Amino acid sequence: AQSVAQPEDQVNVAEGNPLTVKCTYSVSGNPYLFWYVQYPNRGLQFLLKYITGDNLVKGSYGFEAEFNKSQTSFHLKKPSALVSDSALYFCASNAGNMLTFGGGTRLMVKP
Amino acid sequence: NAGVTQTPKFQVLKTGQSMTLQCAQDMNHEYMSWYRQDPGMGLRLIHYSVGAGITDQGEVPNGYNVSRSTTEDFPLRLLSAAPSQTSVYFCAIRTGGGYGYTFGSGTRLTVV
Numbered sequence: 001a002q003s004v005a006q007p008e009d010q011v012n013v014a015e016g017n018p019l020t021v022k023c024t025y026s027v028s029g030n031p032y033l034f035w036y037v038q039y040p041n042r043g044l045q046f047l048l049k050y051i052t053g054d055n056l057v058k059g060s061y062g063f064e065a066e067f068n069k070s071q072t073s074f075h076l077k078k079p080s081a082l083v084s085d086s087a088l089y090f091c092a093s094n095a096g097n098m099l100t101f102g103g104g105t106r107l108m109v110k111p
Numbered sequence: 112n113a114g115v116t117q118t119p120k121f122q123v124l125k126t127g128q129s130m131t132l133q134c135a136q137d138m139n140h141e142y143m144s145w146y147r148q149d150p151g152m153g154l155r156l157i158h159y160s161v162g163a164g165i166t167d168q169g170e171v172p173n174g175y176n177v178s179r180s181t182t183e184d185f186p187l188r189l190l191s192a193a194p195s196q197t198s199v200y201f202c203a204i205r206t207g208g209g210y211g212y213t214f215g216s217g218t219r220l221t222v223v
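These protein sequence lines are chains A and B, in that order.
Just so we're aligned, residue 1 is where the first sequence starts under my numbering, counting upward by one.
Just so we're aligned, residue 112 is where the second sequence starts under my numbering, counting upward by one.
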């Protein structure tokens, strides 16, 4: 069975500072990994995905994620945080017909 | 969330009542699914379908029923609502190569 963990319920960062939201996974075989963002009272919006290839994946709104097979991690990063990045972030993995989510991390960016 | 329409957006039910959450897509995708979102637990898969006439259970199927008579629609039925089913429900379709998923805007359900 596959599982995804987001060890931090909340991440606080000052505007302009780099941010990292952590994700680790446990899947058999090659993982398909995703990051989604959810703004208040909205659905999930796709940020980026890793299927194969380069370990550094670039996505929407200046976000990127680094796939690390040896550490089974897929951390989300952004060089310079914006207040508007404040939202709920979900890491997910896909195996077969099931998309499995982590518990989510709330990102708070303060001016 | 263009292409995936969920109705209603909000619903309050009494314990024991039944209702159907609707999900419709206009992009002719075979795969459709239902998730529930609860605080601290992320989204959990309830049921999914890989095409008309084919459905299967996800992680938390108990208390929910689905059918897929057309490619466009994938309704989720609560036969006898319970307070534990208070949640936000999302419908999602899988959109092509790389297993991209597109989510609907959600239905917030409260069971009292």
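Note that beta-carbon positions come from the ideal geometry of N, C-alpha and C, so glycine has one too.
Note that the structure is predicted; figures quoted are calculated from it, not measured.
- A distance below 6 Å between beta-carbons, with the five flanking residues on each side excluded, links Q128/B to the following residues of its chain, in chain order: A192.
- Its chain contains Q2, S3, V4, A5, P31, L33, T72, S73, F74, C91 and S93 as the residues whose beta carbon lies nearer than 8 Å to that of Y25/A, once the 5 sequence neighbours on both sides are disregarded; these appear in chain order.
- For Y142/B, no pairing in a beta bridge is given by DSSP.
- Per DSSP, S3/A is one residue of the beta strand (DSSP E) stretching across S3 to A5.
- By the criterion of a C-beta distance shorter than 7 Å, F201/B is surrounded in its chain by Y146, Q148, L154, F214, G215 and G217, once the five residues flanking it on both sides are discounted.
- Pairing P40/A with S198/B, the inter-Cα distance amounts to about 15 Å.
- If you ignore the 5 residues before and after G174/B, its C-beta comes within less than 7 Å of the C-beta of L189, A193 and Q196, all in its own chain and listed in chain order.
- For R106/A, the enclosing beta strand (DSSP E) has its first and last residue at T105 to K110.
- In terms of Cβ geometry, T182/B and N139/B form a close pair [threshold 9 Å].
- Chain-ordered listing is empty here: chain A has no CB closer than 7 Å to the CB of L187/B, the nearest sitting near 16 Å.
- Setting aside the 5 residues that flank it on each side, V223/B is surrounded in the same chain by V123, L124, K125, T126 and P194, each with a C-beta closer than 8 Å to its C-beta; the list follows chain order.
- Residue state for D85/A is assigned as helix, using DSSP reduced to three classes.
- Think of a sphere of 8 Å around the beta carbon of S216/B: the chain A residues whose beta carbon falls inside it are R42 and G43, in chain order.
- Take V37/A, set aside five residues on each side of it, and the residues of its chain with a beta-carbon closer than 6 Å to its own are Q45, L47, A87 and Y89, in chain order.
- For E8/A, the CB contacts under 8 Å within the same chain, skipping 5 residues up- and downstream, are V21, K22 and T105 in chain order.
- The DSSP-derived three-state label of Y25/A is strand.
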